[in-house]
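Using mature numbering (1 follows the signal peptide of the UniProt record, and there is no 0), the letters of the sequence shown map in sequence onto residues -18 to -1, 1 to 230. Notes follow once the structure below has been shown.
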Amino acid sequence: MAWQASCLLRNISRLVLIDDVLLISTPKSGTTWLKALIFATMKRTCYTNSTHPLLTTNPHDCVPFFEFEPKSILDSGCKIVYLCRDPKDVLISMWYFLAKVRSKELPPLSLEETVDLFSRGIFGFGPFWDHVQGYWKASLECPERIFFITYEEMKRDTFVKVKRMAEFLGQPFSMEEETERVVEEIIELCSFGKLKNLEVNKNGSRNPSFKNDVFFRKGEVGDWRNHLTPQMVERLDQITNEKLPGLF
Ligand code: A3P
């Protein structure tokens, strides 16, 4: 447990707070989507469909980021949702994101350079694979504290995973809610197509340097196939197979 705790502490770099729940993710893994889903699930009795904050507020303003090192995340008593994604898609997503938000005074980052930096662990909030590995192991030891989910699983089986996540969060959907299709409504509210096309996310801006549309690009699994060379894939997969065997 001590090892897990220190591992968690070392990796605790990107945190999001929702009441007593932390959402922890590596960047570009679908954080915006999960923030929306968790917020909509946990606050589902507070708002009607037409007044829902997600219709007018970017998910990052419904669930703020906080970046600091709590003394011990395990001691905090918080439940943790941990989100990650196939590193190849994370890399492509980040590459596009950086092209939009990086200072225009800096030269653009080539894909080759981005693959090289990412593979060597040089990535916002620390090395990708170590970040995921620490939480993956901890989630196997403490499943009641850490709900570990991948973007791919969430995409494949959104209905089942949202229900399981609500149970983990201590707010399971009742039979009545299921009959009233509350789960489907939450999934629709938080869907890529719905959020991307809201005015707040098309033209709104929560950061003076860029518009909210940077958070919504393609929202698909496997876009890396359209960008990475076989050599790049081999390099990335080799590290994944070593550090996270069987996860993706
Ligand atoms: P792509 O660049 O592959 O499209 P994060 O929110 O952690 O920064 O992750 C960004 C990725 O999540 C982007 O992936 C973005 O398009 C995708 N995304 C954002 N909102 C989503 C949603 N509601 N459903 C699915 N994917 C979403």
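By construction, the Cβ of each residue, glycine as well, lies at the ideal position given by its N, Cα and C atoms. No experiment lies behind these values; they were computed from the predicted model shown.
Next on the checklist: Ignoring anything shorter than 3 residues, give me the beta strand (DSSP E) runs that lie fully in the segment 104 to 133, in order along the chain.
Outcome noted: 128 to 132
Checklist entry - For N189, which residues does DSSP report across the bridge? => result F192
Checklist entry - Would the beta-carbon of A18 be found less than 7 Å away from any heavy atom of the ligand A3P? => result yes
Item to check | Length of the line joining the Cα atoms of S(-13) and L210 | outcome: The pLDDT assigned to S(-13) is 32, lower than 50, so where the model puts this residue is not dependable, and the model offers no usable value.
Checklist entry - Are there 16 or more other CB atoms within 10 angstroms of the CB of D2, so buried, or fewer, so exposed? => result exposed
Checklist entry - Under the criterion of a Cβ to heavy atom distance below 7 Å, does L177 qualify as lining the ligand A3P? => result yes
Checklist entry - C(-12) by DSSP, collapsed to three states: which one? => result Caution applies to C(-12), whose pLDDT of 35 falls short of 50 and renders its modelled position unreliable; the value that the coordinates give is listed next. Helix at C(-12).
Checklist entry - Among L229, R127, Q153 and P190, which has the Cα closest to the Cα of V83? => result When L229, R127, Q153 and P190 are compared, the shortest CA-CA separation from V83 is found for P190.
Checklist entry - From which residue to which residue does the alpha helix (DSSP H) around W77 run? => result P69 to V83
Checklist entry - Can you find a heavy atom of the ligand A3P that lies under 7 Å from the Cβ of C172? => result yes
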